[in-house]
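What follows is a set of notes on a single structure, which appears directly below.
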Amino acid sequence: MKKKKRKLFAELIQKYIGQGSEPVCPYFGECGGCMFQNVPYENQLLLKKEYLNSVLEGIAEADVIHPANPYMYRNRMDMVTAFGKKGLRRQGGYRHVVDIESCAIMQSRSNELFGKLRVLLEKIQDYDYLRHEGYLRYIVLRQARFTGEVMANFVVSSPENRLGFALIDILDDIDSSSLLLSDGLADLSIAPVFQTLKKGFITESFDGIEYMITPNSFFQSNSEIALQMYRKILAHVKGNTLDLYSGVGSISLFVASAADRVTGVEISEESVSTAVQNLENNEIKNVEFICRDAAEFVIEHKGEYQTLILDPPRSGMHPKMMSHIHEMNPERIIYMSCNPSTFRDDARLLENYKIDSFEAYDMFPQTPHIETLALLSRKQ
Ligand SMILES: C[S@@+](CC[C@H](N)C(=O)[O-])C[C@H]1O[C@@H](n2cnc3c(N)ncnc32)[C@H](O)[C@@H]1O
Numbered sequence: 411m412k413k414k415k416r417k418l419f420a421e422l423i424q425k426y427i428g429q430g431s432e433p434v435c436p437y438f439g440e441c442g443g444c445m446f447q448n449v450p451y452e453n454q455l456l457l458k459k460e461y462l463n464s465v466l467e468g469i470a471e472a473d474v475i476h477p478a479n480p481y482m483y484r485n486r487m488d489m490v491t492a493f494g495k496k497g498l499r500r501q502g503g504y505r506h507v508v509d510i511e512s513c514a515i516m517q518s519r520s521n522e523l524f525g526k527l528r529v530l531l532e533k534i535q536d537y538d539y540l541r542h543e544g545y546l547r548y549i550v551l552r553q554a555r556f557t558g559e560v561m562a563n564f565v566v567s568s569p570e571n572r573l574g575f576a577l578i579d580i581l582d583d584i585d586s587s588s589l590l591l592s593d594g595l596a597d598l599s600i601a602p603v604f605q606t607l608k609k610g611f612i613t614e615s616f617d618g619i620e621y622m623i624t625p626n627s628f629f630q631s632n633s634e635i636a637l638q639m640y641r642k643i644l645a646h647v648k649g650n651t652l653d654l655y656s657g658v659g660s661i662s663l664f665v666a667s668a669a670d671r672v673t674g675v676e677i678s679e680e681s682v683s684t685a686v687q688n689l690e691n692n693e694i695k696n697v698e699f700i701c702r703d704a705a706e707f708v709i710e711h712k713g714e715y716q717t718l719i720l721d722p723p724r725s726g727m728h729p730k731m732m733s734h735i736h737e738m739n740p741e742r743i744i745y746m747s748c749n750p751s752t753f754r755d756d757a758r759l760l761e762n763y764k765i766d767s768f769e770a771y772d773m774f775p776q777t778p779h780i781e782t783l784a785l786l787s788r789k790q
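In short: position in the sequence shown from 1, add 410, done, that's the working numbering.
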């Protein structure tokens, strides 16, 4: 997190800490995973509201932050395995890992699994990411909230399975497991699968729509909040709908029943092939997925869509995207964002549109992140 932002949050913590609350986690303060466990949850929501409204600079206003379960909500945790430790990086310190036995924001089945894996993998050589020596870089745990299925993936530095024997007793407890090869200098936990130890995917279910989650595909980190947001999006979809940055197709498939047709556009091949699989599994007929850069697609499809859904990555969209959207001329834009600054800048550029509603959701309790949903309509 940038220094200025960290300073602002430190001030807001002082303002909203009140009587304080006892952190549930013994690693709080040292571990970089959480920032607000010492602030009572109701006050965290007020803190985030103040932060959000200061970032938005009047472009929109959040009245409340929709609450979530404050703990045990995360669908995915990437546990670093380095320096004889298994856990998360130290707050503000990339060079250090905090050895953690369980994580208060990770879902419970993943926590149980992580506890067992810590012991079973004790003798497996970890990876020193400062000297670039060793084997096991990350244990990635993913859990689907509504089906309870869990996936354990192991990111390693060479294309060999040195875990087989250690995992023999635990594969029955896991729904999916893969080995991923990350053999470069970059510290990546997303990497090509070179061996599937079990199944290769888990399934999440939102109001009857089933989603396959593969080792590297994006899926929202908090299913309960994502489902609330998707229901809201569904209520505003009409006509031909373009879902840009569609990931594994989760929004496209969820809103298909309200649209004439839906096109999902996504740059990751793995996500698109999972989206196509999801489409077939759900037997939905009015949705197509296209593997393409979103900006390139929009330039070529002016005037074809009445509804545009945007859910860009945290880094934001192509700088020219807003002018391409103007040319595309959709009647309404549904903008889901995990980055209030880029949302603010984009909304300013959408001069032909007015914001009809704006809501914020606490997708990531205990952390500084906030998810927002804005509904915009074309000015007459
Ligand atoms: C925040 S995720 C949204 C996923 C999806 N809407 C969902 O709810 O699961 C952003 C997605 O944008 C994709 N992406 C990033 N850059 C892109 C680009 N230039 N064009 C198309 N998709 C892109 C990423 O691969 C990622 O799947």
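By construction, the Cβ of each residue, glycine as well, lies at the ideal position given by its N, Cα and C atoms.
Separation of residue 465 and residue 667 (C-alpha to C-alpha, rounded to the nearest whole angstrom) is 35 Å.
In the structure shown, residue 475 adopts extended strand secondary structure according to DSSP, grouped into three states. Within the same chain, 487, 551, 553, 560 come within 7 Å of residue 520 by CB-CB distance, once the 5 residues on both sides are set aside. The criterion of a C-beta distance shorter than 8 Å is not satisfied by residue 732 and residue 712. Sequence-distant Cβ neighbours of residue 750 in its own chain, meaning closer than 7 Å and more than five residues away, are 462, 465, 466, 780, 782.
Just so you know, the alpha carbons of residue 525 and residue 539 end up roughly 23 Å apart. Look at the beta carbons and you see the region 588-605 touching the region 567-574: at least three pairs across the two are nearer than 8 Å.
No Cβ-Cβ contact shorter than 8 Å links residue 632 with residue 763. With a 10 Å radius around the Cβ and a threshold of 16 neighbouring Cβ atoms, residue 575 comes out exposed.
Between residue 543 and the set 494, 478, 557, the nearest pair of CA atoms involves 494. For residue 657, the Cβ falls inside the 7 Å cut-off from some heavy atom of ligand 1. In this chain, the alpha helix (DSSP H) harbouring residue 454 covers 451-466. In this structure, residue 715 keeps its C-beta atom at 8 Å or more from the C-beta atom of residue 475. The Cβ-Cβ distance between residue 652 and residue 718 falls below 8 Å.
DSSP places residue 652 in the strand class (E or B) of the three-state scheme. Residue 585 has its alpha-carbon roughly 33 Å from the corresponding atom of residue 503.
Rounded to the nearest angstrom, the Cβ distance from residue 684 to residue 622 is 5 Å, consistent with a contact under 8 Å.
For residue 432, the closest alpha carbon among the candidates 446, 506, 458 is that of 446.
The C-beta distance from residue 480 to residue 775 rounds to 4 Å, short enough to meet the 8 Å contact threshold.
The three-state reading of DSSP puts residue 470 in coil, since its state is none of H, G, I, E or B.
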